[in-house]
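Below is one structure; the comments refer to it alone.
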Amino acid sequence: MISSTLVVGGGAAGAATAILLARAGVAVDLVEATPDVGTAGSGITLQGNALRVFRELGVLDAILAHGYAFDEVGLRAPDGTVLAVIPDARTGGDDLPATVGMPRAVMATLLLEAATAAGAKVRTGTRVTEVRPDGRATLDDGTTGTWDLVVAADGLNSGVRASLGVETRPEPVGMGIWRVFTTRPESITRTDLVYGGAAYIAGYCPTGDDSIYAYLVEDAADRTGLDPDARLATMRDLAAHYGGPWTEIRERMTDAARVNYTWFTHHLVDGPWHRGRVVLVGDAAHSCPPTLAQGAAMALEDASVLAELVRDTGDLDAALASYATRRRERAGAVVAGSVQLARWLLDHDRTADVPGLMARTSALLAQRP
């Protein structure tokens, strides 16, 4: 088995990989460009298959303690009328909640703390400036070294992926999403979704006893010229078209720093996911719009499978090739399904078989990766 690993990126994929490899006795260095992961992001939705990996990582109890678990999803009309309440699929097994919402920064902090406890050396505010296929890398603090394995977990716009000559890049789907992180009205105890109205999707997810994140999906627009106050005003204007709990959510949308806007994108690296001793995981290898809420879950599954194969396969090149083969079909199905849902909405397709797609996806995710 390998003796040393450099993990580039401290998000879900990177931290999970670091935990599992360090626990197996590998000397792990993890570098994360963000100085403090505890201050970034809004909320995150974690379905059962993500919780299954958290249990493997030994952090499930902490995730459940800091998050908000629920087992059903509601559908509402734009005026707030409840149309249906549906049991959510328990893709992690019957002994786990269907879904947990939590602050993204809390999840990131818990994972990096677990990586440190497992023995990984974690450095934040540190970037990789060069990576070579032979495992040699240079950091922006001048450190240079050679590792048996380099794990590129540096996200959607992965610099490592680009430096390796992998030409795949995220492509826009045609939608943009407003997100806000705020306090939780007592009436919100699950995710409710509105399809239609002034936005394609209006939804929210409880993330703790006193927090939620809410989101509104529109046609992709150039919002780069808006200052924070203008972003807040724009989201409040869009939220005003929705009733029910949205009325109270809108009243609580007062902190411009808690609002962000991004476009939906997607990509899937075709062919090998590694070059020499450098391998792509999580958003560096694949990404999807959040219509199935599977981005973090796919990243965590990548880490689980990669660590298993590296630990149990004597030949590193064979392990890395097997990892991509094993993950591409499953991750690709999630990417395709997520994009299909978005395109049905963009096309206002009333013949779309959404229940069928959701059932097929849930059945796939219930299987172990």
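Numbering-wise (my numbering), the sequence shown opens with residue 27 and increments by one. Each residue gets a CB set at the ideal place from its N, CA and C atoms; glycine is no exception. Note that the structure is a prediction, hence the values are computed from the model and not measured.
Rounded to the nearest whole angstrom, the C-alpha separation of Ala228 and Arg369 is 16 Å.
Rounded to the nearest whole angstrom, the CA to CA distance from Val192 to Asp180 is 14 Å.
Approximately 7 Å separates the beta-carbon atoms of Asp328 and Ala311; this is inside 8 Å, confirming the contact. Nearest C-alpha to Val305 among Ala131, Arg153, Arg158: Arg158.
Burial is judged here by how many other beta carbons sit within 10 angstroms of a residue's own beta carbon; Ile45 has at least 16 and is buried. A distance below 7 Å between beta-carbons, with the five flanking residues on each side excluded, links Ala88 to the following residues of its chain, in chain order: Leu136.
Excluding the 5 residues flanking it on each side, Thr291 has same chain C-beta neighbours closer than 8 Å at Leu182, Pro196, Glu197, Pro198, Val199, Ser313, Pro315, in chain order. Between Gly74 and Leu122, the C-beta spacing is below 8 Å.
The segment 239-251 and the segment 204-217 touch, with three or more beta-carbon pairs separated by less than 8 Å.
A straight-line Cα-Cα distance of about 7 Å links Ala76 and Gly118. Note that the C-beta distance between Gly93 and Asp218 is not below 8 Å. Spanning the alpha carbons of Trp299 and Tyr287 requires a straight line of approximately 29 Å.
In this structure, the beta-carbon distance from Lys147 to Leu47 does not fall below 8 Å. Collapsing the DSSP output to three states places Pro113 in a strand. Taken through DSSP and simplified to helix, strand or coil, Met324 comes out as helix. Going by C-alpha positions, Ala38 is about 12 Å away from Glu58.
Take the alpha-carbon of Met128 and the one of Gly234: they are about 6 Å apart. Shortest Cα-Cα distance from Thr215 to any of Leu72, Asp97, Arg49, Val79 involves Asp97. If you draw a 10 Å sphere on the C-beta of Leu367, you find 16 or more other C-beta atoms in it, and that means buried. In the three-state scheme derived from DSSP, where H, G and I count as helix and E and B as strand, Pro129 is classed as strand. In this structure, the straight-line span from the alpha carbon of Thr260 to that of Ala103 is close to 22 Å. In the DSSP assignment, the residues bridged to Thr208 are Ile238. Trp173 carries a coil assignment under DSSP once its states are collapsed to helix, strand and coil. Burial of Arg356 is indicated by the presence of at least 16 other C-beta atoms within 10 angstroms of its C-beta.
Collapsing the DSSP output to three states places Thr387 in a helix.
Under the three-state reduction of DSSP output, Gly308 falls in the helix class. Residues Ala39, Ala179, Ala325, Asp328 of the same chain have their beta carbon placed closer than 6 Å to that of Gly308, with the five preceding and five following residues left out of the count.
It is roughly 14 Å from the alpha-carbon of Met133 to the alpha-carbon of Gly321.
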